[in-house]
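The next block holds one structure in the form of C-alpha cells; read it before the comments.
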Amino acid sequence: NAGVMQNPRHLVRRRGQEARLRCSPMKGHSHVYWYRQLPEEGLKFMVYLQKENIIDESGMPKERFSAEFPKEGPSILRIQQVVRGDSAAYFCASSPGGGALHEQFFGPGTRLTVL
Amino acid sequence: QQQVKQSPQSLIVQKGGISIINCAYENTAFDYFPWYQQFPGKGPALLIAIRPDVSEKKEGRFTISFNKSAKQFSLHIMDSQPGDSATYFCAARQFGGNKLVFGAGTILRVKS
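Heads up: the protein sequence lines correspond to chains X and F, in order. Using my numbering, the letters of the first sequence map in sequence onto residues 16 to 130. Using my numbering, the letters of the second sequence map in sequence onto residues 854 to 965.
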C-alpha cells in the first residue's frame, strides 16, 4: 500500500514563473492537507480539501496561491508568479476522514527553490 | 492562541541517555497532541500522540507526559540511540478541527 506521493520532489523556478505541486493521497483517503515548512521552522497549515471541495483555506496567502482536489487525479497546489519568499518545502498529508478521529499521513514533500 | 512553543531548538544526547523535548500551548480548545519525527529529506511521521484525558502515554522507548493545568506536554526518549537522530515536532489540533499546529522543531543528535 503506497503512501502519500508527491511530485516533483524538487522544483526550481525563476521569479515570476508558476509552480505546480502534485499530491496523490494514500489509497482510500479522500481528505488532503497542504503544509509549508520554511527553513528551520515548523510546518504551517495552508489548506484542507476533500474531493472537489475546499474545506478550510485559512492558511493560504490571499494572492498567487490556489489549491484543488478534483474528482479524478491528484491534488494540485499552484503558486503563480513565484517570489524568493516562496522557497520552502511543501508537504501534503492525507487522511481517510476529517476531524479528530483520523491521523494525517505525510508525503515526502516538494522542495521549491525560487531563483 | 494558535501557537505551540517548543524547546530546546537543538539537543545533543549521549547514546543510552534520555532525550527530553518540551512543548507549551495556550489554546485550551486543543485536544489532540501528536509528536512527529522527521529525517532529512523525508516527510514527518507520527511517533506517538496523546489526548488530555490521560497524563502519560508510553510506546516502547517513547513517552509523552501531559500536564493539562500547566498546558504543557513533553516527549521523553529513553535509551536514546544514534538512529533516533532526527528533527522532532510537537503539534496540536483543536477539538473538531482538522489542521495541525506545529512547534518549531527540535534537532536531536544522539552521539555514539
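Even glycine gets a Cβ: it sits at the ideal position worked out from N, Cα and C.
Residue i to residue j, Cα distance in whole Å?
| i | j | result |
| --- | --- | --- |
| X:M17 | X:L130 | Going by the sequence as given, residue 17 of chain X is Ala instead of Met. Computed Cα separation, rounded: 33 Å. |
| F:D932 | F:P905 | 26 Å |
| F:A923 | X:Q32 | 47 Å |
| X:W49 | X:V98 | 19 Å |
| F:E912 | F:I874 | 16 Å |
| X:F60 | F:K868 | 34 Å |
| X:Q52 | X:H44 | 23 Å |
| F:P897 | X:L26 | 20 Å |
| X:M41 | X:F84 | 14 Å |
| F:S938 | X:F106 | 21 Å |
| F:W888 | F:L928 | 8 Å |
| F:C876 | F:K910 | 15 Å |
| X:R35 | F:G894 | 19 Å |
| X:Q131 | X:Q119 | With chain X represented from 16 up to 130, any question about residue 131 of chain X goes unanswered, as that position is not in the structure. |
Does the CB of residue i have a neighbour CB from chain C at under 8 Å?
| i | result |
| --- | --- |
| F:G870 | Checking the listed chains, one finds no chain C in this structure; the protein chains it contains are X and F. |
Find out if the Cβ-Cβ distance for the pair residue i, residue j is shorter than 8 Å.
| i | j | result |
| --- | --- | --- |
| F:L900 | F:F886 | no |
| F:R946 | F:L953 | yes |
| F:C943 | F:V866 | no |
| F:N880 | X:I70 | no |
| X:V62 | X:E78 | no |
| X:S39 | X:P89 | yes |
| F:T940 | F:I960 | yes |
| X:G57 | F:G958 | yes |
Count the other C-beta atoms from every protein chain shown that fall within 10 angstroms of the C-beta of residue i, then say buried if there are 16 or more, exposed otherwise.
| i | result |
| --- | --- |
| X:R29 | exposed |
| X:R93 | exposed |
| F:S965 | exposed |
| F:N920 | exposed |
| F:V907 | exposed |
| X:G124 | buried |
| F:I903 | buried |
| F:I871 | exposed |
| F:A882 | exposed |
| X:S109 | buried |
| X:Q96 | exposed |
| F:F892 | exposed |
| X:G100 | exposed |
| F:F948 | exposed |
Which residue comes first and which comes last in the beta strand (DSSP E) that contains residue i?
| i | result |
| --- | --- |
| F:K858 | V857 to S860 |
| X:S39 | A34 to S39 |
| X:S109 | A103 to S110 |
| X:V19 | Unbroken run through X:V19: none, as it is neither H nor E. |
| X:Q52 | H46 to Q52 |
| X:H25 | H25 to R28 |
| X:L42 | In the sequence as presented, Leu is not what sits at residue 42 of chain X; that position holds Lys. Unbroken run through X:K42: none, as it is neither H nor E. |
| F:V963 | T959 to K964 |
| X:R126 | T125 to V129 |
| X:V131 | No information on residue 131 of chain X is available, as it lies outside the stretch 16 to 130 that chain X covers here. |
Any chance you could list the beta strand (DSSP E) runs of at least 3 consecutive residues sitting entirely within the segment 57-91 of chain X, in chain order?
58-65, 68-71 and 80-83
Which ranges would you report for the beta strand (DSSP E) in the segment 863-951 of chain F if only whole runs of at least 3 residues count?
863-867, 872-878, 883-891, 898-903, 909-912, 915-920, 925-930 and 939-947
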